[in-house]
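Enquirer: Questions regarding the structure given below will be posed in turn.
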């Protein structure tokens, strides 16, 4: 796929800077690609809209990955924690983004919380990231939790606050490790989950720790040449069993977010279509039009950035022209876009000759 096929023009005022007051009051664009039908609804209407489904959510938890500090000489410095490489307790090694008042170089030290946490730049890993050693007497994880800020995406043009500590986490968040929220899950409330369960829907969980690639633009003309980021995921045995039972019952599998799609499709059982294998692994799966979905039958997702791999995934799921039409309709109807914005519910377009 050519990356310019993922372009669209979005009015700046439609980029949501804050969420709606009540999570499930976000708007919901319902798209049925088979008939090209678009309906404008609300997330709170999902219990009556959905066929009885197995709803799979991502229980990753965002940690305060943005650290603001200084050089020993006094100049400002900032690092963005991307992935722990090794270590625990008082010393850990991390992959990070970094910037400072003067160019960073191996051997430089940065201080956070007046030295409560110390970062030493070790080496360049690639064009984007550094390898950094972190030191803290109280333990590195404890220092990060105390000193870090919630890593809001760059299109949210304000500083993170205590408000975001609650609203930029899903109600399912329990497994620490993400640098960005699985944003489709942000729309769910305990009341909505209870209403869905009362209508006969079931829930299951996977863990996929959202990584740096969420923020990185596609810089190549051909999507096949994009160096897809790797993310860690885990499929519990109980979730694999729930999917197997759903297949027996003819119950569709609904993924809440593109992160769940990547986890489920990466763990698809090659010997049993529609099923997954439990376990932990990493995935660099790139989904674009032409991809053969093996597990996921429908999808709830937010609206994505132009020229992004996430938009390519949605186009693979719903169809290229169908997705473009839905985005045009959303813009015309003044939907709110991106992480704190509104949502879509999409039934997967069936491939010719497919039973599902």
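Numbering (our numbering), first residue to last: 1287 to 1642.
For every residue, glycine included, the Cβ atom is placed at its ideal position computed from N, Cα and C.
Note that the coordinates shown come from a computational prediction; the quantities given were computed from them, not determined experimentally.
(1) Out of curiosity, what's the CA-to-CA distance linking residue 1577 and residue 1602?
(2) At the level of alpha carbons, what is the spacing between residue 1373 and residue 1379?
(3) Just how far apart, CA to CA, sit residue 1456 and residue 1595?
(4) Quick one: Cα of residue 1342 to Cα of residue 1296, how far?
(5) Just tell me which of 1287, 1288, 1289 and 1306 has its CA closest to the CA of residue 1624.
(6) Residues in the same chain with beta-carbon distance under 7 Å from residue 1392, minus the five sequence neighbours each way, listed in chain order, please.
(7) Applying the 10 Å Cβ sphere with the 16-neighbour rule, what's the burial state of residue 1449?
(8) Alpha carbons only, please: which of 1540, 1375 and 1593 is nearest the one belonging to residue 1585?
(9) How many Å lie between residue 1435 and residue 1396 at the Cα?
(10) With DSSP as the reference, label residue 1374 as helix, strand or coil.
(11) According to DSSP, residue 1565 sits in a beta bridge with which residue or residues?
(12) Can the beta-carbon of residue 1439 be found less than 8 Å from the beta-carbon of residue 1466?
(13) By Cβ distance, which residues of its chain are closer than 6 Å to residue 1394, with the 5 residues on each side in sequence left out?
(14) Whole angstroms are fine: how far does the CA of residue 1314 sit from the CA of residue 1475?
(15) Which one or two residues does DSSP pair with residue 1647 in a beta bridge?
(16) Would you mind stating whether residue 1490 and residue 1516 have Cβ atoms separated by less than 8 Å?
Expert: Judging by the given coordinates:
(1) Reading the chain shown from its first residue, position 291 is the one you call residue 1577. Reading the chain shown from its first residue, position 316 is the one you call residue 1602. Take the alpha-carbon of residue 1577 and the one of residue 1602: they are about 6 Å apart.
(2) Indexing the chain shown from 1 puts residue 1373 at position 87. Indexing the chain shown from 1 puts residue 1379 at position 93. If I take the Cα positions, the gap works out to 6 Å.
(3) As a first step, residue 1456 is located in the chain shown; it is residue number 170 there, counting from the start. As a first step, residue 1595 is located in the chain shown; it is residue number 309 there, counting from the start. Residue 1456 and residue 1595 have their C-alpha atoms roughly 22 Å apart.
(4) Locating residue 1342 in the chain shown gives position 56, where the first residue counts as 1. Locating residue 1296 in the chain shown gives position 10, where the first residue counts as 1. The alpha-carbon atoms of residue 1342 and residue 1296 are separated by roughly 30 Å.
(5) Position 338 of the chain shown, counted from the start, is the residue given in the question as residue 1624. Answer by Cα proximity: 1306.
(6) Within the chain shown, numbered from 1, the residue matching residue 1392 stands at position 106. These residues qualify, in order along the chain: 1407, 1408 and 1409.
(7) Locating residue 1449 in the chain shown gives position 163, counting from the first residue. So residue 1449 counts as exposed.
(8) For the purposes of this step, residue 1585 is identified with residue 299 of the chain shown, where counting begins at 1. Comparing Cα-Cα distances from residue 1585 to each of 1540, 1375 and 1593, the minimum goes to 1540.
(9) As a working note, residue 1435 is residue 149 in the chain shown. As a working note, residue 1396 is residue 110 in the chain shown. In this structure, the straight-line span from the alpha carbon of residue 1435 to that of residue 1396 is close to 16 Å.
(10) Position 88 of the chain shown, counted from the start, is the residue given in the question as residue 1374. For residue 1374, the secondary structure class from DSSP, reduced to helix, strand or coil, is strand.
(11) As a working note, residue 1565 is residue 279 in the chain shown. Residue 1565 is bridged to 1521.
(12) Taking the chain shown and counting its residues from 1, one reaches residue 1439 at position 153. Taking the chain shown and counting its residues from 1, one reaches residue 1466 at position 180. With contacts defined by Cβ atoms closer than 8 Å, residue 1439 and residue 1466 form a contacting pair.
(13) Indexing the chain shown from 1 puts residue 1394 at position 108. Within the same chain, residue 1394 has close Cβ partners 1407.
(14) As a position in the chain shown, residue 1475 is number 189, starting the count at 1. As a position in the chain shown, residue 1314 is number 28, starting the count at 1. Cα to Cα, residue 1475 sits roughly 15 Å from residue 1314.
(15) No information on residue 1647 is available, as it lies outside the stretch 1287 to 1642 that the chain covers here.
(16) Here the question's residue 1490 lines up with position 204 in the chain shown. Here the question's residue 1516 lines up with position 230 in the chain shown. Not in contact: residue 1490 and residue 1516 (Cβ atoms no closer than 8 Å).
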